[in-house]
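Taking it in order: structure first as C-alpha cells, then the write-up.
Residue numbers (our numbering): 609 to 1116.
Structure below.
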C-alpha cells in the first residue's frame, strides 16, 4: 500500500485528534467546532481523514453528509501495524527478487550444464564401448552387442540433434526464415531492414518457468487517468455508480476507492437537491489545455489476461524434453547408486551397466569414494531440479488460469456496470455481454447474474418478466439518480473553472 504524503501538518493532526475523541457521526460544522480550524481547511482535510481512517458516509434528510469512524480508528497508512505491513511487503519483495535471481542462475547451470555433462558422459562411455568392442573376436561381436552399440549411437545422435535443433530454432527467431549466415545482415535486423525480436536462450527458459511480466502492472495508473479524464469532461462531478462503471469495482471497493480519490485529487462529497451524493473535484477543472474537454466517457481500459509464456509451444516443448533427459539420467544414476552400489573389483566393473560403470571408474580416479558424488551430484540434484522445473510452471499455469478468470469477471463487471448505467430499464442478464475474450468468464450466465447482484447492492431493481418469461430488471431508482446527477452537472457554470487572464509572469 502506498504511503501518501502527510497532509496538513499540525492542522491535520488537530483534526485527527478531534475525530478520535468523537467517534460518532459528525458533520463538517462539528469538525470546525471541535478544532476551531477554518471551514475551507476542514473541508479539504476531512476527506483525507475519511480515507485514512476508513470512515463511513451517511446522508441526513436535510442533505448534510455525516462522517462516522470505526471504533479501532486505525490508520490505513501509518502506525506500527501499517508500517510493519509495508516492511514485510518490501522485505518479501526483496527476498523474492534475490531468490528468483539465484534460481535463474541455478536453472541455467542445471538445465544446460547438466544436459551437456550427461551428454559428455554418455559420449565418453560410448567411445569406451566402441574401443572395447574392437578388441573382441568376431563371435563376440555377433552375439547381439553390435545391435545395442548401434542403438546407443543412434540414440546419442538423436539427442545431439534435438539439442542443435533447439539452438537453431532460437536463431530462426532471431533472423527470420531467410537462411544465410549470421553476418549476412546488420545486427538486430532482417534482410528487409525490419527489426526482429531477439530473445536470448536464458530469457526464453525463464519465460517458460516464470512466465511473462504482469501486463496489468500499470492498471492502477490507467484507472486514475480514466477517472481524471471523466471528471474533466463532466464538470468535475462523479457519482458512486458512475465510479463503479468506470472502474468495475464492487460497492465496498468503490466506497473505499472514491474516498481515496478525494484524498488524492482534492475531491469533496456533496448532496444534490434531490438527495443524491456526488463527489466534486473542482480543482481538476482549472486547465490550460482544453483539448478533448467535450462531454462523454473515456473508454475504460480493460485488464489484459496473463500469458503463460511468450515462447512458441515447440520451444517450450524442447525445454521440457531437455529437462526429461536430465530427469532420466538423474533417475538412472540414483537408482544404480542404490542397487548397484560401489564397484570394488574388476569383475564388478565388467558386470556393471556400461554408463554407470564408466562413470564410477572415472570418478574413482579422482576421489577415493565416488558413490556419494554419483548419488547426490548426478542423482538427487538433477532429480530434484527436474521436478521443480516442471512443478513451478504447472503451479503457475493453474494459478494464472484462476487469475485470468478473475480478470475476465472484473472486465465484465466494468462493461456490465456501464451497460446498466447507460440504460437502467429493461435490462436482462443476457444483455451484459463481454466485448472481447478478456471479458468473457468461463461460466458467463452465472457471472452475468452476479453483476446484477453487485449493482443491486447499491440500488435494488424492480423485477419483471418478458413475454418469454425471462427476468427483466428495471433500476428505477438508479435512473432517477442518473437524471438528478445530469441536472446537477448542468447547473455548474463553465466559467467557474476558467483561468482568466494572466496577471503575473515571472519571466517579465
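C-beta: ideal position from N, C-alpha, C; glycine also.
When only Cα atoms are considered, residue 641 and residue 626 end up about 10 angstroms apart. With contacts defined as CB atoms closer than 7 angstroms, residue 662 and residue 633 fail to qualify as a contacting pair.
Taking the C-beta atoms as reference points, residue 1047 is found nearer than 7 angstroms to residue 1019.
Annotation: the continuous beta strand (DSSP E) that includes residue 666 extends over 664 to 667. For residue 868, DSSP records no beta bridge to any residue. Contact between the stretch 867 to 877 and the stretch 910 to 924 is absent, with fewer than three C-beta pairs closer than 8 angstroms.
Spanning the alpha carbons of residue 941 and residue 931 requires a straight line of approximately 15 angstroms. In the DSSP assignment, residue 1032 falls outside any beta strand (DSSP E) and carries neither an H nor an E.
At least 7 angstroms separates the beta-carbon of residue 1012 from that of residue 722. In terms of CA proximity to residue 658, 674 leads the group 647, 1056, 674, 696.
Linking residue 886 to residue 702 through their CA atoms gives a straight-line distance of about 42 angstroms. Per DSSP, the unbroken beta strand (DSSP E) holding residue 847 starts and ends at 845 to 847.
Beta-carbon to beta-carbon, residue 960 and residue 951 are separated by about 6 angstroms, close enough to satisfy the 8 angstroms threshold. Counting along the chain, the unbroken alpha helix (DSSP H) around residue 968 starts and ends at 962 to 972.
When 990, 970, 1034, 989 are compared, the shortest CA-CA separation from residue 732 is found for 970. Under the three-pair Cβ rule at 8 angstroms, the stretch 907 to 916 counts as touching the stretch 998 to 1017.
Residue 1052 places its beta carbon 7 angstroms or farther from that of residue 1067.
Put simply, the backbone Cα of residue 635 is about 17 angstroms away from that of residue 619. DSSP, reduced to helix, strand and coil, places residue 934 within a helical segment of the structure shown. Bridge pairing for residue 676: 664 [DSSP]. Relative to the Cα of residue 713, the nearest Cα in the group 686, 810, 666, 724 belongs to 810. The beta-bridge partner set that DSSP reports for residue 888 consists of 845, 876.
Assignment of residue 976 by DSSP, reduced to helix, strand and coil, places it in the coil class. Here residue 696 carries a helix assignment [DSSP, helix/strand/coil]. When C-alpha distances from residue 835 are compared across 823, 819, 866, 1073, the shortest belongs to 866. A residue is called buried when at least 16 other Cβ atoms come within 10 angstroms of its Cβ; residue 648 does not meet this threshold and is exposed. Here residue 1046 is not bridged, per DSSP, to any residue. Straight-line spacing of the CA atoms in residue 728 and residue 718 works out to 14 angstroms. The C-beta separation of residue 943 from residue 979 comes to about 13 angstroms, leaving the pair out of contact by the 8 angstroms criterion. In the DSSP annotation of this structure, the continuous segment of the beta strand (DSSP E) that includes residue 1081 starts and ends at 1079 to 1082.
For residue 1073, the enclosing beta strand (DSSP E) has its first and last residue at 1070 to 1073. Closest in C-alpha terms to residue 848, from the list 665, 645, 989, 623, comes 665.
Counting only the Cα atoms, residue 857 lies some 8 angstroms from residue 1021. Taking the Cα of residue 1090 as reference, the smallest distance to any Cα among 850, 964, 837 is reached at 850. A residue is called buried when at least 16 other Cβ atoms come within 10 angstroms of its Cβ; residue 975 does not meet this threshold and is exposed. Beta bridge pairing from DSSP links residue 634 with 675.
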